[in-house]
Amino acid sequence: MTKLTSFITATIASATIATGAFAAAHASLGVTASDQDVSGGTVTATEITAGENGWLVVHRTDDTMKPGPVVGYAPIKEGMNMDVTAILTEEVASGDKLMLMVHSEAGGMKTGVFEYTLGAKEDGPIKVDDKLVMSVISAQ
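Numbering (mature numbering (1 follows the signal peptide of the UniProt record, and there is no 0)), first residue to last: -23 to -1, 1 to 117.
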C-alpha cells in the first residue's frame, strides 16, 4: 500500500467515525421536563442534552402541538445541562401548555444574544430527523 493510499484510507475512516459520532450525539438530544407550577414566573427543564451551545426556548402551544410565541428562554451549553430555568416574559396561566425546545446559537448577528423571532432562522430550532427537540408540559 502506498503512502497516498494509506492516507486516503485513514482519512475516510476518520470521516466515517466522526460522522457516526455526530449522528449518535444528535440522536440522543432531548429535553426532559414535567408539568409544574409556574406562578413564580419561571419554568424548568430537569435535563437537556444539546449537540451545541444554544438556548432552551419556551414556546406557547396548544392541542395542535405547534410552537407558538416565545415566552421565555435560557442559555444552554453543548452536552448535558441539568435544571435549566427560564424566566417567563409574560404571564402563563394554570392549564396553559408550554413547549420547551432546544434552539441553536447559529445564524444570528451576536453570540450569546437570543435573536430568534417566530419563524426566523437566527437562533432557530434544532431538529433531528426533521423532528423538533422538545418536550411539552402543562403549567399548574
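Idealized CB from N, CA, C, for every residue including glycine.
Under 7 Å between C-beta atoms of Val47 and Val79: no
For Asp60, three-class secondary structure by DSSP: strand
Alpha-carbon spacing of Glu55 relative to Asp40, whole angstroms: 30 Å
Nearest residue (CA-CA) to Pro102, options Lys87, Ser71, Gln117 and Ala83: Ala83
Cβ neighbour criterion (16 or more within 10 Å) applied to Ile64: exposed
Close beta carbons around Ser5, own chain, < 8 Å, minus the five adjacent residues each side: Thr26
Collapsed DSSP secondary structure at Leu95 in the structure displayed: coil
Nonlocal neighbours in the same chain, by C-beta distance under 6 Å from Thr9, ignoring five residues either side: Thr23 and Glu24
Residue closest to Met59, alpha-carbon to alpha-carbon, out of Gly17, Pro44, Met86 and Leu33: Leu33
Identified DSSP bridge partners for Ala27: Gly56
Span of the beta strand (DSSP E) around Gly7: Gly7 to Thr9
Proximity to residue 119 [Cα-Cα], best of Leu77, Lys98, Ala116 and Gly18: The shown model of the chain, from -23 to 117, leaves out residue 119, and the question about it has no answer.
Span of the beta strand (DSSP E) around Val79: Lys74 to Ser81
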